[in-house]
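Have a look at the structure below, then the notes.
Protein chains in written order, with the working numbering: chain A, 260 to 600; chain B, 2 to 766.
Written out as structure tokens, the structure is:
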């Protein structure tokens, strides 16, 4: 670890003040929330902001509340730890608690925030390295180089850094919407549209924008959800294959013939964004789940996953884990079928 | 034979003397040392794997505000250092041989200025062809990494092969008649195994604060397993006498063999001498993963001849250990050669073991030292033999295992061997029927041998006027509990309590020579010197008492800090009366001393060549059985429980033993399943704890352990070691469990899910 570079640290007290500071200080400024991902990258010289704007002093940004008309509102500074035990979340969206619990270690979850998890930078063996390390070879594309070193051809002009958050895929599967605020105004973005799939610029948040709120729509309450995560050590690691599934099974209790509705499958840790497997809803919506359909869905998910050798684990195995997790997720949905409608 | 019941202190758990200080944060480590006017050093490192240095320009760095000194090899005396092959300079001399090699160093007023200065140093390289694979490096046409290898000073007898090309060290064993052995075999098994690099992963990075005191003496505060060797190396590299150097090691934040090196000391010392200011050099964690040392990776070829009934009759082993660009501890191959026969009697055995240069970070000492590699091969193959001959794996091992009185394949006669009992006890503890328990659940077994103890050490025991004592040894406590154990040994010998013993370790001004802590030698060898020093002090005390009480020494005995006249219960003198408030009536202060320096050659020199470490006085043994759950769909291996049975002689401190066993098998678990320093074109791809994973406390399975009754007549109170042998069985035991569950034999470490899935696929086709 290198020492942290020098920077100016600001702690505005309102979100508008923060947005103004962010705009005024230009592209060399960054917003910090929990810092668990940002500070190591600053030590490695990947981020070198002149100004760091903390949101810690702004009231209510860590609030989590249920709104009867809109749904679940999560403040960007809510810690992942707080999501694990929040009563509203456990009542309406227990899968959010499940995914939050899967992140890092308890110490990290005490600091890490929802906003940080959503805006998590992509990761790669060739990107998350110090300047000394980078000096030993041609530059990584994401750091200004010509080609992506992780791509098998070695000549790709596209960055293949991996998006490896646990909570974000679940929020995508729950159709979450986020609010971005800047001195120019406010806009709402579907989380699904937030991610670009380009490892070098993984999301559409402009540098002067701040994520101010996450809304999980009311209509999603009670939907079945599950998150499966593969990591090398269950004690601490990033996901190197993750599957988030949400769906409803409609039909009379204890009927094996319940029909799938509103299914969404999102895979994580195997692409540059939380990847919605788009062929799943047309395959399954309106149908009763059976082994053949689940197998087909699992193969679709496996096919969509394109892991490279730029993070921990092995490519073929990570694809296999997406397949196994998808099957397991649907099996869990069926087993829970009597409790959902 | 257990004699622990006869002991007052030995065999009882005594809490570690440094436990509270470490928990509260009071314990002082090298990075806690801040001296007035202290400068910060950083090292400039090679960005290429193999190149001739054309020029180094340090002008810009020297001119940067706040920079006090910049050093390259041009500023240093012309020496090289190493443990057996003296091949490395403090800075690269003429050539760089791996990415991460030290080329220059800077001392500046703060860390950031030092880092900035390093970036300003310009080096022009003429790149050379590099070689990264040890087998390729052995080919005649391979690039030669050390052009002057034949001229290097070495501290052992070299074979001719070890002076040419990239082989820097070779050990051979030739016992019996190998051809006749294979001719008499009913079955021959031949396998090739591969093992990866594993980093010692101590939490505290290498660190030195070097100071020059008012008399011009060099004072070193560091984190090390070998202060006296540090002192000797500094003396020879810097050209100053030992009397002008004091090494004062701090608490060690983990070593595991990795701190049996001298990495930060010479650079910090040279910068301090140059600037006449204290200099601190602490490696970044990235430097730890690129520029420190790892367990040797390698390729192991093993051919074994077996009779129908399972009797091992011939073994032909070739070990190719990749030692990286320099060879700080090439004799890992010698330990590998010894361990490659396993804990078995094999009458006809040939081993050729090579330490080979490649353009990669260095291989060095790491817990298990040379044995985990060889034992992975031996114990994996033993299970293959058992399966193909349809013999129970434990029965096959029992049939072939060494017993006391047997000779090892090196010709060394063994006096303390209870491997058989460890196998039987482990078998009983898990109620072993057969390895396979359920479709996806299986047991895996492995046993092993480790060369224990040896090398020079010494100790001083001084009695204080109140009857308490101080014991001093140059050995180190790196967390394994040496301080506590030396206190127990001293207390037992003197008949006082552990609380009455002050243990002084490491400081070269206060302690006598010890070669360093490694190879299961702390408790066994240093412990023996401490015991003998205490015995010497005790004899002096008894003589003083005999004089005062006007009886013969043989009429006296010691109990509770008193010397009793055996013939009369109420006739005694308290220690403090004998030590007389420091006012000695006769003679001087009571200071016992002793040294151990095993120099006898235990091996048959007609059988072995290149045995750089002559003096292993005894051997430790262990059997581990793992219970695993293996998911055939995902290839994931979960170790549910590990059962460990050790032959470590007398147990000195039960809690310490437990720590050593759980710690060792956790290192073995990481080695087996996921630890791997991945190197691509000479560059470490995962130089961090985040990407180069070791097990955390949460990843440790349930552990049940036991010891077998043994009293090693050559150890202190019958004790042997335990720190290394606890590492070597996990990888083969887990590989054996995977094979038992799925019928998939993994011959390369780590045993990853991907390899298991591939194995399943190959089996299906």
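Glycine included, each C-beta is placed from N, C-alpha and C at the ideal position. Note that the structure is predicted; figures quoted are calculated from it, not measured.
Check                                                                                                                           : Outcome
Chain-ordered neighbours of residue 201 of chain B on chain A, where CB pairs are closer than 7 Å                               : Here the premise fails: no neighbours, minimum Cβ distance about 18 Å.
Beta-bridge partners of residue 477 of chain B, as assigned by DSSP                                                             : Looking at the DSSP assignment, residue 477 of chain B forms no beta bridge with any residue, so it has no partner.
Where residue 433 of chain B falls: helix, strand or coil (DSSP)                                                                : coil
For residue 449 of chain A and residue 544 of chain A, the rounded distance between their alpha carbons                         : 21 Å
The stretch 20-35 of chain B / the stretch 663-670 of chain B touching (three or more Cβ pairs under 8 Å)                       : no
Alpha carbon of residue 830 of chain B to alpha carbon of residue 195 of chain B, nearest angstrom                              : Residue 830 of chain B falls outside the range modelled here, since chain B spans only 2 to 766, and no answer is possible.
Which residues DSSP lists as bridging residue 322 of chain A, in chain order                                                    : Its beta-bridge partners do not exist; DSSP assigns none.
Supposed close pair residue 283 of chain B, residue 206 of chain B - CB separation, criterion 8 Å                               : 6 Å
Where residue 1 of chain B sits in the DSSP three-state scheme                                                                  : Residue coverage of chain B in this structure runs from 2 to 766, which leaves residue 1 of chain B outside it and unanswerable.
Proximity of residue 471 of chain B and residue 513 of chain B at Cβ, strictly below 9 Å                                        : no
Residue-level contact to chain E via CB, residue 574 of chain A, 9 Å cutoff                                                     : In the displayed structure, chain E is absent; the protein chains listed are A and B.
Beta-carbon proximity check, residue 672 of chain B vs residue 751 of chain B, cutoff 9 Å                                       : yes
Contact list for residue 487 of chain A against chain B, beta-carbon separation under 9 Å                                       : Within chain B, no residue comes near residue 487 of chain A; the closest Cβ sits about 11 Å away, beyond 9 Å.
Closer than 9 Å to chain A by CB, residue 98 of chain B                                                                         : no
Beta-carbon gap between residue 246 of chain B and residue 218 of chain B smaller than 9 Å                                      : yes
Neighbouring residues, chain A, relative to residue 687 of chain B (Cβ below 9 Å)                                               : 384, 571
Of the residues B:274, B:235, B:747, the one placed nearest residue 72 of chain B, counting alpha carbons only                  : B:274
Residues near residue 48 of chain B in its chain [Cβ-Cβ closer than 7 Å; skip 5 each side]                                      : 100
Members of the stretch 96-130 of chain B that neighbour chain A once the beta carbon cut-off is set at 7 Å                      : 100, 112, 113, 116
Close beta carbons around residue 282 of chain A, own chain, < 7 Å, minus the five adjacent residues each side                  : 441, 442, 467
Per-residue DSSP class, three states only, for residue 514 of chain B                                                           : coil
7 Å Cβ cut-off: residues of chain B touching residue 241 of chain A                                                             : Residue 241 of chain A falls outside the range modelled here, since chain A spans only 260 to 600, and no answer is possible.
Reduced DSSP secondary structure (H/G/I, E/B, other) of residue 600 of chain A                                                  : Because the pLDDT of residue 600 of chain A is 45, which lies under 50, any placement of that residue in the model is unreliable, and the number read from its coordinates should be weighed accordingly. Coil, per DSSP.
Segment contact, 8 Å Cβ cut-off, at least three pairs: the stretch 425-432 of chain B with the stretch 498-512 of chain B       : no
Beta-carbon neighbours of residue 494 of chain A, restricted to chain B and to distances below 7 Å                              : 697, 699, 700
Within chain B, the residues that residue 365 of chain A reaches when beta carbons sit closer than 7 Å                          : Ordered by position in chain B, no residue passes the 7 Å Cβ test against residue 365 of chain A, which lies about 10 Å from the chain.
Below-9 Å beta-carbon distance, residue 758 of chain B vs any chain A residue                                                   : yes
Run of the beta strand (DSSP E) containing residue 24 of chain B, from where it starts to where it stops                        : It is not in any beta strand (DSSP E) - residue 24 of chain B instead sits in the alpha helix (DSSP H) that spans 20-25.
Every unbroken alpha helix (DSSP H) within the stretch 530-575 of chain A, with a cutoff of 4 residues, ordered by chain        : 539-543, 550-563
Chain A residues whose Cβ lies nearer than 8 Å to that of residue 599 of chain B                                                : Near residue 599 of chain B there are no residues of chain A at all, since even the closest Cβ is about 42 Å away, more than 8 Å.
Sub-9 Å separation of residue 570 of chain B and residue 250 of chain B beta-carbons                                            : no
Validate contact between the stretch 182-189 of chain B and the stretch 296-314 of chain B using beta carbons, cut 8 Å, 3 pairs : yes
Within-9 Å CB hit, residue 390 of chain A to chain B                                                                            : yes
Inter-residue spacing [alpha-carbon to alpha-carbon] between residue 759 of chain B and residue 340 of chain A                  : 38 Å
Neighbouring residues, chain A, relative to residue 284 of chain B (Cβ below 8 Å)                                               : Chain A residues near residue 284 of chain B: none, gap ~10 Å exceeds 8 Å.
Any non-hydrogen atom of the ligand FAD closer than 8 Å to residue 576 of chain B Cβ                                            : In the structure shown, the ligand FAD is absent, as is every other ligand, since no ligand is present at all.
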